[in-house]
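If you count by the numbering used here, then the sequence shown holds residues 4 to 284, one letter each, in order. Some notes on the structure that comes next.
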Amino acid sequence: MPAAPLNAAEPTACASAVRCRRLSVEFPGAGRQIVKVINQADVEFASGEISALIGPSGCGKTTLLRTIAGLQSPSSGGVTIDPPSVGRRGELGFVFQHPALLPWRTTLQNVSLPLRLTRSCDPADATRRATEILDTVGMADAIDRFPHQLSGGMQMRVSIARALVTRPRLLLLDEPFAALDDILRGQLWELLLGLWRQLCFTAILVTHNIAEACLLSHRIFVMRDGTCGDGIINPLSWPRSQQQRRTPEFGQFYGTISDRLRTSVGVQDHGARSSQMEAGT
Ligand SMILES: Nc1ncnc2c1ncn2[C@@H]1O[C@H](COP(=O)(O)OP(=O)(O)OP(=O)(O)O)[C@@H](O)[C@H]1O
């Protein structure tokens with residue numbers, strides 16, 4: 004679904020860059036062991052780009068995202084976000100795998116909440132901005148409904164609207180589309196691409212879905228041994244659309260990422276061809 008333009012009279016958010024320098028995150032393991040989940044990671048997520056972060060289950064993708072968001076403290080090293088103001092509330096949006104809407108609040112109330120909490124505008128303005136972003140994500144007709152009256156896809160649209168209502172410079176997404184069916188997922192891919200075009204934020208997207216990473220990103224980082232390696236530049240042309248999934252270029256890039264992922268989990272490759280077929284090419 005193409006996203007409608009936001010009010011052009013309002014300034015859009017500028018993007019920000021994220022740098023992790025020798026970043027380590029440890030957790031207590033069994034007994035007295037310490038498990039180093041992020042291990043001296045040096046990685047930069049470029050301003051204005053969508054970076055996809057993929058890797059085997061448990062490799063530390065969510066931990067890295069939470070550390071960038073300031074929800075998890077590093078054991079050593081650090082994260083720099085440029086400009087530094089992005090660390091403050093409102094300039095960073097987080098979309099979780101589960102929409103996590105407040106059940107006793109309507110769609111409109113859920114989406115306007117970040118504006119009210121950050122006191123970044125008066126209540127009338129918060130309502131206007133929440134209504135506007137809900138219109139953009141195709142939820143204008145559901146502003147008075149409660150979360151239990153919405154489908155999973157609708158809830159995820161509301162969750163995305165809530166993350167974007169403050170016009171963040173940096174949007175972090177942790178497997179936001181994992182629980183949705185293929186059709187809905189495709190619609191939300193298009194929605195996210197449309198929103199990114201309009202609002203110009205930097206995005207870091209954690210996903211297990213290689214096609215999603217290929218279609219949405221400028222660069223893909225494959226996590227391995229607690230680090231992210233060099234980002235693999237996505238050669239697919241812009242603007243992106245789902246039709247690209249049927250092109251040979253898409254199949255080839257999908258195969259490259261699939262191979263890299265298999266290497267990261269130590270699987271010998273005898274499935275490159277089948278992985279290209281999985282991409283729908
Ligand atoms: N608060 C915590 N305390 C202890 N261990 C943790 C904590 N958070 C994460 N871990 C461990 O860190 C490792 C990485 O977890 P994380 O959720 O970051 O992985 P992931 O790559 O996002 O996994 P998945 O793809 O399955 O979501 C896991 O072994 C997990 O058990």
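Every residue gets a Cβ at the ideal spot worked out from N, C-alpha and C, and that includes glycine. In this text, all values refer to a predicted model and were calculated from it rather than measured experimentally.
Output the boundary residues of the alpha helix (DSSP H) element that contains residue i.
i: residue 246; result: Where residue 246 is concerned, there is no enclosing alpha helix (DSSP H), given that its DSSP letter is neither H nor E.
i: residue 219; result: 213-219
i: residue 31; result: Careful: residue 31 lies outside any alpha helix (DSSP H), inside the beta strand (DSSP E) at 20-31.
i: residue 136; result: 126-139
Which whole-angstrom value is the C-beta distance of residue i and residue j, which I expect to be below 8 Å?
i: residue 39; j: residue 269; result: That pair is no contact at about 19 Å.
Along the beta strand (DSSP E) that carries residue i, what are the first and last residues, could you check?
i: residue 237; result: Counting along the chain, residue 237 falls outside any beta strand (DSSP E), and DSSP gives it neither H nor E.
i: residue 45; result: 37-48
i: residue 63; result: Premise fails: residue 63 is in no beta strand (DSSP E) and is neither H nor E.
Does the beta carbon of residue i sit closer than 8 Å to a beta carbon anywhere in chain C?
i: residue 23; result: No chain C appears in this structure, which consists of one protein chain only.
From residue i to residue j, what distance separates their C-alpha atoms?
i: residue 147; j: residue 171; result: 25 Å
i: residue 244; j: residue 213; result: 15 Å
i: residue 113; j: residue 224; result: 32 Å
i: residue 67; j: residue 125; result: 34 Å
i: residue 22; j: residue 49; result: 8 Å
i: residue 64; j: residue 111; result: 31 Å
i: residue 169; j: residue 34; result: 43 Å
i: residue 165; j: residue 133; result: 8 Å
i: residue 232; j: residue 44; result: 8 Å
i: residue 196; j: residue 25; result: 31 Å
When you measure from the CB of residue i to every non-hydrogen atom of ligand 1, does any distance come out below 7 Å?
i: residue 162; result: no
i: residue 51; result: no
i: residue 230; result: no
i: residue 39; result: no
i: residue 23; result: no
i: residue 65; result: yes
i: residue 81; result: no
i: residue 78; result: no
i: residue 211; result: yes
i: residue 62; result: yes
i: residue 97; result: no
i: residue 253; result: no
**Asked** Is there contact between the region 75-88 and the region 142-157, where contact requires at least three CB pairs shorter than 8 Å?
**Response** Counting Cβ pairs under 8 Å, fewer than three are found: no touch.
**Prompt:** Quick one: any contact between the region 179-187 and the region 95-103, if contact means 3 or more CB pairs under 8 Å?
**Reply:** yes
**Asked** Counting pairs of beta carbons, one from the region 50-68 and one from the region 247-265, are three or more of them closer than 8 Å?
**Response** yes
**Asked** Is there contact here, the region 239-258 with the region 180-199, by at least three beta-carbon pairs under 8 Å?
**Response** Enough Cβ pairs lie closer than 8 Å, so yes.
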